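>
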Amino acid sequence: MNHVPRRTIRRRGPVAAALLATVVGLTACADTGSSGDSNASGEKSAGSIIVITPNPVGGNNFLQLAVDGAKKVAADKNLDLKVFESTDPTSIQQNVEAAVRAKPDIVVGVSFSLQDAFATVPKDNPDQQFLLVDACPDPQPENVTCASFREHEAAYLAGVEAGLLSQSKKIGVVAALDTPFIRRWVDPFAAGAASVDPAVASTPLFVGGDNPFGDPARGKAQAQVLADQGADQVLAAASGSNVGTFEVAATGAFQAYGVDVNQCDAAKGHVVDNVLKHVDVALEGAVNEILDGKTGGAKEFGLKENGVGLTALEDDVKSSGCLIADHPDVIAKVKEVQQQIIDGKVTVDDPAAG
């Protein structure tokens, strides 16, 4: 993270009960931790943070990772923690405004869905510190710190696996939306496969609809289309909608790949690997730096920083339940390409870079 001159972070008081009632009623916020000035252990809190999610946390592994990171840093730093769960763009804006009124040490936003709010609200509240995880507003206010990831690097490695393992020479992705950011999983997956076998063709399909990140039925329908087309390696890149893709994989139609966390248990015996994103680690580290006065700027987490990776690259891959554990030759190739990316010998194009 880029360092700027140290700033004094003022400790703020608790959220008023009436305000919390209004927030819960309007936006279905969920509080994690204790209310008032005390943390979960009942001790006097040293400060507070509020985490805002774009969707309900339940069933979304990415958001759960963020909350887990917040819980850990709250426990380590004796902070009061509250989590405001949004349901749509309107509730996101309401939650951001409610969090600012509560005056915590840091308002934490998770995902690109909060970019617009974090581009405007911080300008009107220059004394409040903000952290946006997994995105960065443009232009970036001085009181916003960004922690983002080079997901495309890990997706490329998963593509290498798919290219080596595919028998039909047809692979695919079921992604949430057709946007430059989501393309960070789609395009590199295809590129990685083509790098080891140019004959492999990749087809991306998108969940879309009103709830692209939480619609298993639409995810399943798109996955079935890929199966019918003969794809034998399919990346599920749609958060809560991934359930549908895994349901099709469980029938033996194809082998799947998960995202964010180890999802190999979602369709036991049918999931090859996972494109991991260590959101919890990034959030925890960024909060600690802000509390230390290192505010503003942006830090990216890629393969070099161990911010992204694959289950294949983890020490416990043999007990992971993932099919990749049975392919040491493929793992060896993945490790080789990983080092080439870290050394700059292989460049993975970033679809979100414009």
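For the sequence shown, my numbering assigns the number -6 to the initial residue and increments by one for each residue that follows. Virtual Cβ for every residue (Gly too), placed ideally from N, Cα, C. A quick note: this is a predicted structure, and the numbers were derived from the prediction, not measured.
1) On the three-state DSSP scale, how would you describe Cys139?
2) Verify whether the separation of the beta carbon atoms of Asn53 and Val254 is less than 7 Å.
3) Could you tell me whether the stretch 238 to 248 touches the stretch 74 to 85, using the rule of 3 or more Cβ pairs below 8 Å?
4) Whose C-beta lies closer than 6 Å to the C-beta of His271 among residues of the same chain, with five residues either side of it excluded?
5) Can you tell me whether DSSP reads Gly337 as helix, strand or coil?
6) Residues in the same chain with beta-carbon distance under 7 Å from Glu146, minus the five sequence neighbours each way, listed in chain order, please.
7) For Val252 and Phe239, I'd like the C-alpha separation in whole angstroms.
8) Nearest-angstrom Cα distance between Pro205 and Ala148?
9) Taking the alpha-carbon of Ser234 as reference, which of Ala214, Ile283, Val126 and Val218 has the nearest alpha-carbon?
10) Do you know offhand how far Pro321's Cα is from Leu228's?
11) Sorted by chain position, which residues of the same chain lie with C-beta nearer than 6 Å to Gly102's C-beta, five sequence neighbours on each side aside?
12) With distances taken Cα to Cα, identify the nearest neighbour of Lys64 among Ala169, Ala260 and Asp273.
13) What ranges does the alpha helix (DSSP H) occupy inside the stretch 75 to 109, keeping only unbroken runs of at least 4 residues that lie completely in it?
14) Tell me which residues share the same chain as Ala224 and place their Cβ nearer than 8 Å to its Cβ, disregarding the 5 neighbours each side in the sequence.
15) Considering Cα atoms alone, identify which of Pro115, Leu107 and Asp117 is closest to Ala128.
16) Counting pairs of beta carbons, one from the stretch 92 to 102 and one from the stretch 306 to 325, are three or more of them closer than 8 Å?
17) Assuming the contact rule is C-beta atoms closer than 8 Å, Pro181 and Gly152 should be a hit. Round their C-beta distance to whole Å, please.
18) Count the other C-beta atoms from every protein chain shown that fall within 10 angstroms of the C-beta of Asp351, then say buried if there are 16 or more, exposed otherwise.
19) Tell me whether Asp266 is buried or exposed, calling it buried when 16 or more other Cβ atoms sit within 10 Å of its Cβ.
20) When you compare the CB positions of Leu56 and Val50, do they come within less than 7 Å of one another, or not?
21) Answer yes or no: do Val264 and Cys257 have a C-beta to C-beta separation smaller than 7 Å?
22) Around the Cβ of Asn352, are there at least 16 other Cβ atoms within 10 angstroms (buried) or fewer (exposed)?
23) Please classify Asn299: does DSSP put it in a helix, a strand, or coil?
24) Going by DSSP in three states, Pro119 sits in which element: helix, strand or coil?
25) Going by CA-CA distance only, name the one from Asp343, Leu316 and Ala305 that's closest to Glu329.
26) Can the beta-carbon of Asn218 be found closer than 7 Å to that of Arg211?
27) Where are the beta strand (DSSP E) runs, 3 residues long or more, that stay fully inside the stretch 218 to 246, in chain order?
28) So, under 8 Å CB-CB, Ala168 and Ala230 are touching, yes? Tell me the CB distance rounded to an integer number of Å.
29) Check for me: the beta strand (DSSP E) holding Leu269 runs from which residue to which?
30) Give a yes or no on whether the C-beta atoms belonging to Arg177 and Ala345 are separated by under 7 Å.
Per the coordinate set shown:
1) If you number the sequence shown from 1, residue 139 lands on position 146. Cys139 falls in the strand class under three-state DSSP.
2) Along the sequence shown, one-based indexing puts residue 53 at 60. Along the sequence shown, one-based indexing puts residue 254 at 261. No, they are not a contact pair.
3) In short, these stretches do not touch, since the Cβ pair count stays below three.
4) Stepping through the sequence shown from its first residue, residue 271 is reached at position 278. Taking C-beta separations shorter than 6 Å and ignoring five residues to either side along the sequence, the partners of His271 in its chain run Gly300, following chain order.
5) If you number the sequence shown from 1, residue 337 lands on position 344. Of the three classes helix, strand and coil, the one that applies to Gly337 here is coil, per DSSP.
6) Residue 146 sits at position 153 when you count from the first residue of the sequence shown. Excluding residues within five positions, the ones whose Cβ falls inside 7 Å are Gly295, Leu296, Val301, Ile334 and Val341.
7) As a working note, residue 252 is residue 259 in the sequence shown. As a working note, residue 239 is residue 246 in the sequence shown. Rounded to the nearest angstrom, the two C-alpha atoms are 12 Å apart.
8) The residue given as residue 205 occupies position 212 in the sequence shown. The residue given as residue 148 occupies position 155 in the sequence shown. Their Cα atoms are separated by approximately 20 Å.
9) Taking the sequence shown and counting its residues from 1, one reaches residue 234 at position 241. Here the closest residue by C-alpha is Ala214.
10) Position 328 of the sequence shown, counting from 1, holds the residue named residue 321. Position 235 of the sequence shown, counting from 1, holds the residue named residue 228. Whole-angstrom Cα-Cα distance: 20 Å.
11) Numbered from 1 along the sequence shown, position 109 holds the residue referred to as residue 102. Leaving aside the five residues that flank Gly102 on each side, the residues in its chain whose CB is nearer than 6 Å to its CB run, in chain order, Ile45, Phe111 and Leu125.
12) One-based indexing of the sequence shown puts residue 64 at position 71. Answer by Cα proximity: Asp273.
13) 82 to 95
14) The residue you call residue 224 lines up with position 231 of the sequence shown. Around Ala224: Ser161, Lys163, Ile164, Gly165, Thr196 and Phe247.
15) The residue labelled residue 128 in the question sits at position 135 within the sequence shown. Of Pro115, Leu107 and Asp117, the smallest CA-CA separation from Ala128 is found for Leu107.
16) no
17) Translated into the one-based positions of the sequence shown, residue 181 becomes position 188. Translated into the one-based positions of the sequence shown, residue 152 becomes position 159. Contact flag correct, Cβ pair sits at about 6 Å.
18) There is simply no residue 351 to check, as the chain begins at -6 and stops at 347 in what is shown.
19) Residue numbering aside, residue 266 sits at position 273 when the sequence shown is read from its first letter. It counts as buried.
20) The residue given as residue 56 occupies position 63 in the sequence shown. The residue given as residue 50 occupies position 57 in the sequence shown. Here Leu56 is near Val50, since their CB atoms are less than 7 Å apart.
21) For the purposes of this step, residue 264 is taken as the residue at position 271 of the sequence shown. For the purposes of this step, residue 257 is taken as the residue at position 264 of the sequence shown. Yes. Within cutoff.
22) Since the displayed the chain opens at -6 and closes at 347, residue 352 lies outside it and no answer follows.
23) As a first step, residue 299 must be located in the sequence shown, where it is residue number 306. Looking at Asn299 - three-state DSSP - the assignment turns out to be coil, as it is neither helix nor strand.
24) Start at 1 with the first residue of the sequence shown, and residue 119 comes out as number 126. Under the three-state reduction of DSSP output, Pro119 falls in the coil class, being neither helix nor strand.
25) Position 336 of the sequence shown, counting from 1, holds the residue named residue 329. Of Asp343, Leu316 and Ala305, the residue nearest in Cα terms is Ala305.
26) Against the sequence shown, residue 218 aligns to sequence position 225. Against the sequence shown, residue 211 aligns to sequence position 218. Per the sequence shown, the amino acid found at residue 218 is Val instead of Asn. No, these two residues do not count as a Cβ contact at 7 Å.
27) 226 to 230
28) As a working note, residue 168 is residue 175 in the sequence shown. As a working note, residue 230 is residue 237 in the sequence shown. The Cβ separation is near 4 Å, so the contact holds.
29) Along the sequence shown, read from residue 1 onward, the residue named residue 269 stands at position 276. Per DSSP, Leu269 belongs to the beta strand (DSSP E) from Val264 to Lys270.
30) Along the sequence shown, one-based indexing puts residue 177 at 184. Along the sequence shown, one-based indexing puts residue 345 at 352. It is a contact, given that the beta carbons lie within the stated cut-off.
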